[in-house]
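Notes follow once the structure below has been shown.
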Amino acid sequence: VLAGDFKDEEAKALIEKYFGELKKRGEDSAITPRPAVLAKTIKLMHEDNFAELPELRMTFPAVEDGHPDSYALEYLGELLSNGKRAPLYKEIVEKQKLASDRQTNAFNATREMAGNFVFRIRANDGVNLNDVQAAVFTALQNFEKDGIDDRDMARIKNAQETNFYSSISGVLSKSFQLAQFNTFRGNPGELQNEIKKILAVSKDDVMNVYKKYIKDKNYVATSFVPKGKTDLALTGSDVAEVVEEPIIQGAEPAPLSEDDIAFEKTPSKIDRSIEPALGEAPTIHSPKVWTAELSNGLKIYGIENNELPLVEFSLRLKGGMLVDDPNKIGVANLMTDIMKEGTANKTPEELEDAIGQLGADINMYTSAEFIEISGSCLARNFEKTYQLFEEILLEPRWDEKEFDRVKKSTVTNIQQRAAQPNAVASTVFNKLIYGPDNILSNNTLGTIETVNSLSIDDVKAFYEKNYSPSISSFHIVGAISKSEVMKVLESLDKKWKNKEVKIPTYAAPKEVDKPAIYFVDVPGAKQSVIRVGKPALKGNDKDFYAATVVNHRLGGSFNSQLNMTLREEKGYTYGARSFLPRRMNEGYFAASSSVRSNVTKESVEIFKDILNKYNDTYNEEDLEMTKKILIKQNARAFETLNQKMGILQNISTYNLPMDYISQQEKVVTGLTLDRAKALIAKYINPEKMIYIVVGDAKTQFDRLREVGLGDPIKVDKEGVVLEAIPN
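Residue numbering for the sequence shown follows our numbering, starting at 232 and increasing by one per position.
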């Protein structure tokens, strides 16, 4: 598939040159679907060494991709689990409180030859999965008894239409969809009929597929339980034969030599070792940004784009976790979660209905440095969607019942993170980079202790103190004009009063005097997570973009030194990268990877070696190649509405100039080798790095004494130094 801006005849000539001589290897034969058939229900269980919470999956055989029933099965998954009226939500989350709404799902999963319909419930701590299974069947009985609400069908259809347009918003997504339909449906043009099939689904269709594939049908039930808690698994479950790859120290295969991988090349009319010449660098025209300001101080940023009938918008309030009380971390996060649960005039269910009937989506979240309320909708529904957004912002419900549920869901989320090595590495990294006196060392969720201590009055006080247009900016992109936007925003100008909000400042994190290595024990881990880093610079620093440019060759792309060495050459990992996240406050440089446990030491040595040599080996060829790549990447960097939204948010959040895109291009083209080396020395200095390893201490801890970073320092999952690794 070729998609984008090209001349037909030139493209055809190139395709003929490079692919025309490739001969057909036989005729394609249609693949016959092979749906699974179960003679009986099968129950299996697995005791997971790393799990913190029990999980039940019930998997029913279903249909392949493109099957006429697949569309109704998609609706069935949405109806059963998504929404306040959903039977699974009502029974499992609201009534029995067995799991959080985020961890209660039903969905249709289609593949080329077969498909499954899956119920996945990750239960709360200590919940017996027999109770979860019983609750699923109770919910299904209620579904049969109560039937399907017309409002839910309308909500799903409207959302499907919005999602369909979003799925073809970029050149890459258009080409992907065309290739998918050509490969699996035999006709790329079938894409045009897909939305018709989606919107044609009726209530009868949904109930028919429920009876055909779910009701009284056999399934596979899998219970995943934490170590030592097999009593939580379904009664009568057999132990699953889970084959775990043996990770044996010193058993790594030797790298293949050139002779080992020698092969006979297919004869060709052209020399295929010579890559086609790159074309001229594209001329990048960044989107035209319009701005305005309301009388209450709210700054407005917009980009009009009429390719698709969609609109995306967001409101950012500076602060986020930064304005949390250091003794009550998690208030800001709880507040954004509870504000989505209804308004003063609408119950949670009524608000959800109102949003769903418009095919819209409104979300809210807290980051370390800001709070964001975002929305997307069909352009024709923007005004009505905006009215709901404004109601959420200005008329919170403060529902005690929902507050208690959200608190429990947050605690479950925190428990889950403790079982995820990457999340643990991130937690410890932030603690060590920022130090105990900087609030940025914390996770926005807070801790189990702080969350359990919070009351709804804490959340109300946070809202009254920290919500103001004085620290906010509104962004909008899509098929809507500036005049239309400003007319809709008139009510917000009148209703939302300005107030002063003080955002605390914290001292910049200090660099270490010399490199050090920290270790978090995950007994029996088959992989080790490695994270390396140091404090860096603010997102609006004059050096920021140039620093990301010099990082590109190190770990900013697939062909970077870290990835090519650890993945392609050694085969230790699926990927390795390095990055400098954009922050309002001082950020950091970080490099990371997950590797097989038995090459932990060797991988740390590779990180250390590449970082130590990077400045000395960085040359003119590296710089010129990076320049070409980054300039050409910009051709597709501002294509989708989401990418355009990113431009506006960068401008407002980091106080960047309106033409920062073109200024960044000048930074790239004007960067010299001497300047690049100076940036590497300052922001990627190997002598100022900390190393963190999350893995199996029994097999890997002592080996790390040999890498030349001193004795590893033992820390727990919160970064607290330990005297000894716990048994």
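Just so it is clear, CB atoms sit at the ideal spot from N, CA and C, and this is done for glycine as well. No experiment lies behind these values; they were computed from the predicted model shown.
| Asked | Found |
| --- | --- |
| If you drop the 5 nearest sequence neighbours on each side, which residues of the same chain put their C-beta closer than 8 Å to that of A1006? | Outside the displayed range of the chain (232 to 958) lies residue 1006, so it cannot be described from this structure. |
| Just to confirm the assignment: which complete alpha helix (DSSP H) runs, minimum length 4, are found wholly within the stretch 713 to 743? | 713 to 719, 721 to 726 |
| Whose C-alpha, out of G939, A370, S331, N537, is nearest the C-alpha of I748? | G939 |
| Ignoring anything shorter than 3 residues or poking outside the stretch 599 to 685, list the beta strand (DSSP E) runs there in chain order. | 601 to 609 |
| Assuming contact is defined by CB atoms lying nearer than 9 Å, are L304 and Y444 in contact in what I supplied? | yes |
| So, are the CB atoms of K929 and V659 less than 9 Å apart? | no |
| Tell me where the beta strand (DSSP E) around E524 begins and ends. | 521 to 524 |
| Can you name the start and end residues of the beta strand (DSSP E) that E247 belongs to? | Element bounds for E247: not the beta strand (DSSP E) but the alpha helix (DSSP H), 239 to 250. |
| Does the beta-carbon of I479 have 16 or more other beta-carbons within 10 angstroms, so that it is buried, or is it exposed? | exposed |
| Please report the straight-line C-alpha distance between N958 and P740, rounded to a whole angstrom. | Since pLDDT at N958 reaches only 49, below the 50 mark, its modelled position is unreliable, and the value read off the structure follows with that caveat. Whole-angstrom Cα-Cα distance: 33 Å. |
| Can you look up L233 in the DSSP assignment and give me helix, strand or coil? | coil |
| Nearest by alpha-carbon distance to R386: which of S331, N313, F348, D332 is it? | N313 |
| Buried or exposed, going by whether 16 or more other CB atoms sit within 10 Å of the CB of T497? | exposed |
| Might you give, ordered along the chain, the residues of its own chain that have their beta carbon closer than 6 Å to the beta carbon of I515, omitting 5 neighbours on each side? | N865 |
| If you run the structure through DSSP and keep just helix, strand and coil, what is N359? | coil |
| Count the CB pairs spanning the stretch 803 to 814 and the stretch 848 to 863 that are closer than 8 Å, and state whether there are at least three. | no |
| Going by alpha carbons, who is nearest to N389 out of E309, G459, L463? | E309 |
| With distances taken from CA atoms, which of M920, K945, Y306 is nearest D927? | K945 |
| Quick one: give me the first and last residue of the alpha helix (DSSP H) that A585 is part of. | 579 to 588 |
| When you compare only the Cα positions, how much space is there between A512 and L861? | 10 Å |
| Taking 8 Å as the limit between beta carbons, can you name the residues of its chain near A471, skipping five residues before and five after? | L275, M276, H277, T453 |
| Extract the residue ranges of the alpha helix (DSSP H) inside the stretch 745 to 814, only unbroken runs of 4 or more that lie entirely within it. | 775 to 786 |
| Where I262 and M344 are concerned, what is the direct C-alpha to C-alpha distance, given to the nearest angstrom? | 7 Å |
| Could you give the DSSP three-state label for R353: helix, strand or coil? | strand |
| Pull the bridge partners of V708 from the DSSP assignment, please. | I534, E543 |
| When you compare the CB positions of I531 and L539, do they come within less than 9 Å of one another, or not? | no |
| Quick one: does D942 have its CB under 9 Å from some CB of chain C? | Reference to chain C is not applicable here, since this structure consists of a single protein chain. |
| Looking at I761: is its Cβ nearer than 9 Å to the Cβ of S824? | yes |
| Taking a contact to mean a Cβ-Cβ separation below 9 Å, would you say A340 touches F350 in this structure? | no |
| Thinking just about the alpha-carbon of each residue, which of Q931, I352, L624, L319 is nearest to the one in K832? | Q931 |
| State the start and end residues of the unbroken alpha helix (DSSP H) segment that holds T877. | It is worth fixing the name first, because residue 877 is Gly in this sequence and not Thr. 872 to 884 is the span of the alpha helix (DSSP H), which, as asked, contains G877. |
| Where does the unbroken alpha helix (DSSP H) through Y914 begin, and where does it stop? | 904 to 914 |
| Would you call R611 buried or exposed, if buried means 16 or more other Cβ atoms sit within 10 Å of its Cβ? | exposed |
| To the nearest angstrom, how far is the alpha carbon of N359 from that of A756? | 26 Å |
| Which word fits D469, buried or exposed, when buried means at least 16 other C-beta atoms lie within 10 angstroms of its C-beta? | exposed |
| Report the CB separation of P318 from P292 in whole angstroms; it is logged as a contact under 8 Å. | Not quite, the Cβ-Cβ distance comes to about 21 Å (not below 8 Å), so this is no contact. |
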